[in-house]
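Chains A and B are the protein sequences, given in the same order. Read in order, the letters of the first sequence correspond to residues 12 to 353 in this note's numbering. Read in order, the letters of the second sequence correspond to residues 12 to 353 in this note's numbering. Read the structure below first, then the notes.
Protein chains: 2
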Amino acid sequence: MAHTLEEIAKLAGVSRSTVSRVINDHPNVRPEVRERVWQVIREVGYQPHAAARSLATNRTQVLGLIIPQAVTTLFTDPFFPHLIQGMAEACNAHRYHLMLSLFTGRTDQESLYRRVLRSGTLDGVVVASTTLDDPLIPRLLQEKLPFVSVGRHREAAVSYVDVDNVAGARQAVEHLLRQGHRRIATVTGPLAMMAGRDRLEGYRQALEARGVPVDDALIAEGDFTEEGGRMAMQRLLPHRPTAVFVASDTMAVGAMKAIKEAGLRIPEDVAVVGFDDLPVASIVEPALTTVRQPIERLGATAVEVLIGLIEQQAEAPQHIILPTQLVIRASCGALSGSRGLE
Amino acid sequence: MAHTLEEIAKLAGVSRSTVSRVINDHPNVRPEVRERVWQVIREVGYQPHAAARSLATNRTQVLGLIIPQAVTTLFTDPFFPHLIQGMAEACNAHRYHLMLSLFTGRTDQESLYRRVLRSGTLDGVVVASTTLDDPLIPRLLQEKLPFVSVGRHREAAVSYVDVDNVAGARQAVEHLLRQGHRRIATVTGPLAMMAGRDRLEGYRQALEARGVPVDDALIAEGDFTEEGGRMAMQRLLPHRPTAVFVASDTMAVGAMKAIKEAGLRIPEDVAVVGFDDLPVASIVEPALTTVRQPIERLGATAVEVLIGLIEQQAEAPQHIILPTQLVIRASCGALSGSRGLE
DNA sequence: TTGTAAGCGTTATCAT
DNA sequence: ATGATAACGCTTACAA
């Protein structure tokens with residue numbers, strides 16, 4: 012069933028090295044010989060043994076996606092499936108494989124780190140949604156394993172791929188300002204994550220550009236979960252915002268619940284804008300105005316950058332920022348124009 | 012940086028074989044020697060080279076999750092993230108790794124099959140949501156690679172883990188019958204999938220047990236997508252059902268849209284029950300009554316069964332069915348009791 | 001252009 | 001209880 016180079020060689024009447032050359036597309040093989048060898052390979056359905064090859068070349072053709080402990084609960088967020096889908100497509104296209112390492116609750120971190128990072132199983136790693144001080148990053152830097160972060164990182168040496176969170180948030184808030192809103196609140200993401208900080212920064216920039224003072228009472232930190240969004244919104248409501256920019260759609264769903272529970276209408280009493288454009292954004296009522304980010308492209312790009320690093324077509328650090336796009340639906344009040352504030 | 016057995020041996024003043032024995036917990040090593048070797052290993056942070064080990068043992072400690080082409084669009088369904096989470100946890104617990112193979116659109120199927128199944132990279136495979144005639148199954152059978160299907164399969168030789176779709180659907184429909192409904196429609200899953208068929212079978216059984224005739228006009232096939240659910244419901248509405256059992260929550264969201272678009276109320280005019288208990292079930296309005304399935308446990312169980320097969324603690328085929336649970340919310344009208352039909 | 005042979009880092013068999 | 005030594009299946013100088 013499982014053949015070896017040696018057998019193919021015998022069947023084709025050549026030596027092991029010649030078969031190897033054929034398989035690896037080396038020059039210096041007579042065309043007729045090459046063809047004969049391929050013939051045999053196809054006939055018997057030969058497939059090189061990955062481990063043996065990897066032992067000889069010190070390459071595995073396997074990339075890892077590492078999602079740190081803290082976010083495994085968030086794995087239910089559609090962000091990750093999209094990211095993975097993008098990564099998987101890019102991997103397939105480049106003939107790499109994708110290994111998934113979720114640092115789940117009871118896992119012994121250290122042993123998993125070692126098994127994953129030091130056993131030579133991975134040619135490179137994509138890390139997603141780390142916190143700013145995640146110990147994984149220095150660790151990776153020190154292992155000298157090629158890696159790319161999905162999400163900006165302050166450490167200059169880190170290669171990353173990200174969307175333009177600052178600009179996206181700024182657009183969202185500018186849109187609300189254009190509607191005439193002045194008391195605009197925000198539910199931020201975790202400020203321990205760059206995405207959380209960047210979206211808050213975009214909020215600030217938009218207000219300041221318009222000369223609207225930033226009021227700390229109108230800023231509440233969330234944790235990217237629905238329940239977190241709901242609780243943050245409850246803290247904001249007493250300060251009477253007329254609009255709120257929520258840093259993720261999932262949190263926005265929670266925020267909308269809080270608003271409705273308080274007996275207020277969306278968008279008449281409080282306009283809402285989210286971030287992500289997840290499917291849920293068009294399911295909720297009213298449909299959610301939000302900032303769309305190209306998550307699959309983010310994943311594909313991360314893989315491509317990583318492969319570039321591995322195959323040394325590029326040097327670390329690589330920094331790539333993808334654009335976002337404001338998607339206007341009913342929750343911001345711009346469609347009905349009913350506020351008449353334009 | 013990357014040490015070898017040889018180096019550890021030298022540092023500990025023993026032979027390579029002794030170090031190997033220590034690492035693999037073989038008996039016949041003097042306790043003091045064992046301790047000395049571990050000491051060195053810890054000091055230098057040695058980690059065995061996976062490829063070398065795998066070449067010698069013919070084991071990789073890697074399991075594959077294969078999702079066939081047709082469903083990659085469905086990867087956005089929260090079903091997969093949950094499944095993966097369960098699988099990842101089980102893998103971590105048993106010191107296996109998880110490799111993800113999505114058969115994405117433009118992929119060359121055959122070459123990916125070969126690279127994945129015949130290169131010896133995987134000790135075993137979990138396949139998810141195959142269609143009944145998916146060529147992958149016979150292929151796997153023939154490769155003699157241990158594998159487990161998430162989802163029942165008619166081929167007797169196939170090991171599988173599944174939830175009790177028939178009983179779950181039956182419960183759902185029985186619940187509607189108990190509410191007094193008689194014109195109960197159903198939006199099925201794809202009938203090319205076992206889950207689609209089984210849930211339809213449960214629907215049938217419930218009706219027949221009550222002596223309610225099964226009316227084909229009240230059965231419409233969906234495809235597990237929201238839009239598919241909406242379209243199927245549109246076909247059903249002219250036949251005036253007073254209730255509908257939708258074979259997935261995602262489709263139920265679409266069905267609810269269709270009902271509302273037709274100017275009907277839920278549950279007063281049409282009661283709705285879904286299947287899955289995804290997060291969206293509690294987000295829609297009214298909240299969706301649905302059949303909860305233990306998706307993470309499904310994933311974990313699949314991995315455990317697979318490992319049993321690989322390590323030969325069990326013989327194929329293994330068949331495991333997990334129970335479901337009816338979750339009653341507002342969309343079926345049972346909470347308000349407003350239909351007064353009880 | 002092709003073949004020979006020496007690794008790659010383990011495990012496993014056999015002596016000792 | 002420990003140490004040589006031969007695999008495992010491939011790549012890659014080096015020779016021819």
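Cβ atoms here follow ideal geometry from the backbone N, Cα and C, with glycine treated the same way.
Open item on the list: Using a Cβ-Cβ distance cut-off of 7 Å, determine whether residue 264/B contacts chain A.
Closed with: Counted from its first residue, the second sequence places residue 264/B at position 253. Chain A, which has a Cβ nearer than 7 Å to the Cβ of residue 264/B, makes this yes.
Open item on the list: Tell me the rounded alpha-carbon separation between residue 309/A and residue 136/A.
Closed with: Start at 1 with the first residue of the first sequence, and residue 309/A comes out as number 298. Start at 1 with the first residue of the first sequence, and residue 136/A comes out as number 125. Rounded to the nearest whole angstrom, the C-alpha separation of residue 309/A and residue 136/A is 15 Å.
- [ ] Identify the contact partners of residue 60/A in chain B, using a Cβ-Cβ distance below 7 Å as the criterion.
- [x] Here residue 60/A is taken as the residue at index 49 of the first sequence, counted from 1. Contact annotation for residue 60/A against chain B: 130 and 131 [CB-CB distance below 7 Å, chain order].
Task: Rounded C-alpha distance that separates residue 124/A from residue 150/B - done: Taking the first sequence and counting its residues from 1, one reaches residue 124/A at position 113. Taking the second sequence and counting its residues from 1, one reaches residue 150/B at position 139. Their Cα atoms are separated by approximately 35 Å.
Task: residue 342/A in three-state terms, based on DSSP - done: The residue you call residue 342/A lines up with position 331 of the first sequence. Three-state result, residue 342/A: helix.
Task: residue 307/B classed as buried or exposed, judged by whether at least 16 other C-beta atoms fall within 10 angstroms - done: Locating residue 307/B in the second sequence gives position 296, where the first residue counts as 1. Per the 10 Å Cβ criterion, buried.
- [ ] State the DSSP-derived secondary structure class of residue 120/B, mapped to helix, strand or coil.
- [x] To locate residue 120/B, count along the second sequence from 1; it is residue 109. In this structure, residue 120/B counts as helix in the three-state DSSP scheme.
- [ ] Would you mind stating whether residue 325/B and residue 159/B have Cβ atoms separated by less than 7 Å?
- [x] Taking the second sequence and counting its residues from 1, one reaches residue 325/B at position 314. Taking the second sequence and counting its residues from 1, one reaches residue 159/B at position 148. Not closer than 7 Å, so no.
Open item on the list: In whole angstroms, give me the CA-to-CA distance for residue 145/A and residue 265/A.
Closed with: Position 134 of the first sequence, counted from the start, is the residue given in the question as residue 145/A. Position 254 of the first sequence, counted from the start, is the residue given in the question as residue 265/A. When rounded, the distance between both Cα atoms is 27 Å.
TODO: Compare the C-alpha of residue 143/B against each of 79/B, 118/B and 274/B and name the closest.
DONE: Working through the second sequence from its first residue, we reach residue 143/B at position 132. Checked all of 79/B, 118/B and 274/B; the closest Cα to residue 143/B is 79/B.
Open item on the list: Strictly below 7 Å CB to CB, what residues from chain A border residue 118/B?
Closed with: On the second sequence, residue 118/B is found 107 positions in, with the first residue counted as 1. Within chain A, the residues whose beta carbon sits less than 7 Å from that of residue 118/B are 103, listed in sequence order.
- [ ] With a threshold of 16 other CB atoms inside 10 Å of the CB of residue 353/B, please say whether the residue is buried or exposed.
- [x] Sequence index remark: in the second sequence, residue 353/B carries index 342 (1-based). Residue confidence for residue 353/B is low, a pLDDT of 31 falling below 50, so the modelled location carries little weight and cannot support an answer.
TODO: Report the rounded CA-to-CA distance for residue 184/B versus residue 89/A, giving the unit in angstroms.
DONE: On the second sequence, position 173 is the one that residue 184/B refers to. On the first sequence, position 78 is the one that residue 89/A refers to. Spanning the two alpha carbons is a distance of roughly 30 Å.
Task: Other residues of its chain near residue 94/A: CB distance less than 6 Å, five sequence neighbours each side excluded - done: For the purposes of this step, residue 94/A is taken as residue 83 along the first sequence, with counting starting at 1. In the same chain as residue 94/A, and ignoring 5 residues on each side of it, the C-beta atoms closer than 6 Å to its own belong to 306 and 310, in chain order.
Open item on the list: Quick check: is the beta carbon of residue 92/B nearer than 7 Å to any beta carbon in chain A?
Closed with: The residue given as residue 92/B occupies position 81 in the second sequence. Yes, contact with chain A.
Open item on the list: Against chain B, does residue 100/A count as a neighbour if the rule is that its beta carbon must be under 7 Å from one of theirs?
Closed with: Position 89 of the first sequence, counting from 1, holds the residue named residue 100/A. Yes, residue 100/A counts as interfacial toward chain B.
Task: Rounded C-alpha distance that separates residue 31/B from residue 76/B - done: Locating residue 31/B in the second sequence gives position 20, counting from the first residue. Locating residue 76/B in the second sequence gives position 65, counting from the first residue. Cα to Cα, residue 31/B sits roughly 31 Å from residue 76/B.
Task: residue 345/B, buried or exposed, once every other Cβ within 10 Å from all chains shown has been counted against 16 - done: Locating residue 345/B in the second sequence gives position 334, counting from the first residue. Buried, because 16 or more other Cβ atoms sit within 10 Å of the Cβ of residue 345/B.
TODO: For residue 351/B, decide whether its Cβ has a neighbour in chain A, counting only Cβ atoms nearer than 7 Å.
DONE: By 1-based counting over the second sequence, the position of residue 351/B is 340. Low confidence applies to residue 351/B: its pLDDT is 34, below 50, so where it sits in the model is not reliable enough to give any reading.
TODO: Can you say whether residue 275/B is buried or exposed, counting buried as having 16 or more other CB atoms within 10 angstroms of its CB?
DONE: Locating residue 275/B in the second sequence gives position 264, counting from the first residue. Exposed, by the Cβ-count rule.
Open item on the list: For residue 160/A, report the span of its beta strand (DSSP E) as first-last.
Closed with: Residue 160/A sits at position 149 when you count from the first residue of the first sequence. Counting along the chain, residue 160/A sits inside the beta strand (DSSP E) bounded by residues 158 to 161.
Task: Close Cβ partners of residue 3/B (< 6 Å) along its chain, the five nearest in sequence each way excluded - done: No information on residue 3/B is available, as it lies outside the stretch 12 to 353 that chain B covers here.
TODO: Measure from the C-beta of residue 125/B to each C-beta in chain A and report whether the shortest distance is under 7 Å.
DONE: If you number the second sequence from 1, residue 125/B lands on position 114. Yes, residue 125/B counts as interfacial toward chain A.
TODO: Please list, in chain order, all residues of the same chain as residue 349/B whose beta carbon is under 6 Å from its beta carbon, the five residues on each side excluded.
DONE: Taking the second sequence and counting its residues from 1, one reaches residue 349/B at position 338. Note that residue 349/B scores 43 on pLDDT, short of 50, meaning its location in the model is unreliable and no value can be drawn from it.
Task: Option nearest residue 235/B by Cα separation, candidates 208/B, 259/B, 39/B and 327/B - done: Numbered from 1 along the second sequence, position 224 holds the residue referred to as residue 235/B. Among 208/B, 259/B, 39/B and 327/B, the Cα nearest to that of residue 235/B belongs to 259/B.
Task: Residue from 29/B, 64/B, 122/B and 91/B with nearest C-alpha to residue 59/A - done: Numbered from 1 along the first sequence, position 48 holds the residue referred to as residue 59/A. Here the closest residue by C-alpha is 122/B.
- [ ] Figure out for me which residue from 119/B, 182/B, 176/B and 99/B has the closest Cα to the Cα of residue 315/B.
- [x] Taking the first residue of the second sequence as position 1, residue 315/B is located at position 304. Among 119/B, 182/B, 176/B and 99/B, the Cα nearest to that of residue 315/B is on 99/B.
TODO: Determine the closest residue to residue 165/A out of 133/A, 204/A, 131/A and 195/A, with distance taken between C-alpha atoms.
DONE: Position 154 of the first sequence holds residue 165/A. Here the closest residue by C-alpha is 204/A.
TODO: Using a Cβ-Cβ cut-off of less than 8 Å, list which residues of the stretch 287 to 298 of chain B approach chain A; keep chain order.
DONE: Taking 8 Å as the Cβ-Cβ cut-off against chain A, the residues of the stretch 287 to 298 of chain B that qualify are 290, 291, 294, 295 and 296.
Open item on the list: Taking 7 Å as the threshold (C-beta atoms), are residue 341/B and residue 1/B in contact?
Closed with: Absent from the model: residue 1/B. The displayed extent of chain B is 12 to 353, so no value can be given.
TODO: Examine the Cβ distances between the stretch 172 to 191 of chain A and the stretch 328 to 339 of chain A and report whether three or more of them are shorter than 8 Å.
DONE: Verdict: yes, contact present.
Open item on the list: Please state whether the Cβ-Cβ distance between residue 193/B and residue 223/B is less than 7 Å.
Closed with: Reading the second sequence from its first residue, position 182 is the one you call residue 193/B. Reading the second sequence from its first residue, position 212 is the one you call residue 223/B. A Cβ-Cβ contact shorter than 7 Å links residue 193/B with residue 223/B.
Task: Reference residue 71/B; option with closest CA among 67/A, 61/A and 68/A - done: In the second sequence, counting from the first residue as 1, residue 71/B sits at position 60. For residue 71/B, the closest of 67/A, 61/A and 68/A by C-alpha to C-alpha distance is 61/A.
Task: chain B within 7 Å of residue 247/A, Cβ atoms only - done: Position 236 of the first sequence, counted from the start, is the residue given in the question as residue 247/A. No, residue 247/A does not count as interfacial toward chain B.
Task: residue 273/A vs residue 247/A beta-carbon contact at 7 Å - done: The residue given as residue 273/A occupies position 262 in the first sequence. The residue given as residue 247/A occupies position 236 in the first sequence. No.
- [ ] Could you please give the first and the last residue of the uninterrupted beta strand (DSSP E) stretch that includes residue 256/A?
- [x] Counting from 1 along the first sequence, the entry for residue 256/A is found at position 245. Per DSSP, residue 256/A belongs to the beta strand (DSSP E) from 254 to 257.
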